[in-house]
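Everything on this sheet refers to the single structure shown next.
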Amino acid sequence: MLNNFLERNDLSTPIPISVKFKPLKKQYEILEQVVTEIDSSCSDQNLFIDEKIDANKSDDSMPGQTFWYNLKTVTGHLDDGQGNNRFYWWFPSTNQMDPLIIWLGATSNCTIFYDIFSNIGLYRLNKCGNMLYENSYSWDRQ
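In this note's numbering, the protein residues as written are 480 to 621.
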């Protein structure tokens, strides 16, 4: 509406720009195509890794992972000294220029995993929730 006012057009004229999210860099456009393909075909594969955890085994990839990150992450709990623990999942930056980011988005009603898989984290879940793909809008992207 403001654009139409400044251009002296009819105020009900649609905005002449696209407001659809798109990758900032050309190299990430392929990820948009991958996401579309992933969301359009849901498989029966689950993200549960309980058997590997119980057997004290690790794997280089997670079930349903569609990309490879050469990234070691660290998880743990911070004790506040009053019997409460706060879970953390540390992701080192893949960009040498980035400062440290501490994301404390989890509340008592919301898990940290929601933020990791839906906001600025490195990963995204497909609509079925059984496949991971790379987040082209992650905090460590340029």
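Glycine included, each C-beta is placed from N, C-alpha and C at the ideal position.
- Assigned with DSSP and collapsed to three states, L604 falls in strand.
- Secondary structure note for L490: it is in no alpha helix (DSSP H), with a DSSP letter that is neither H nor E.
- DSSP places Y567 in the strand class (E or B) of the three-state scheme.
- In the three-state scheme derived from DSSP, where H, G and I count as helix and E and B as strand, Y616 is classed as coil.
- In its chain, beyond the 5 residues on either side, W568 and Y602 have a beta carbon closer than 7 Å to the beta carbon of I595.
- In chain order, W568, W569, F570 and P571 place their CB closer than 8 Å to the CB of T552, counting only its own chain and leaving out the 5 sequence neighbours on each side.
- Looking at the backbone, the Cα of N598 and that of G608 are separated by about 15 Å.
- Residue environment: G560 is assigned as exposed (fewer than 16 neighbouring CB atoms within 10 Å of its CB, all protein chains considered).
- Following the DSSP letters along the chain, one finds G555 inside the beta strand (DSSP E) bounded by residues V553 to D558.
- Counting every other CB atom within 10 Å of its CB across the protein chains shown gives N614 a total of 16 or more, marking it as buried.
- When DSSP states are grouped into helix, strand and coil, K504 belongs to the coil group.
- Shown here for T492: same chain residues with a beta carbon closer than 8 Å to its own, the five before and five after excluded, namely N483 in chain order.
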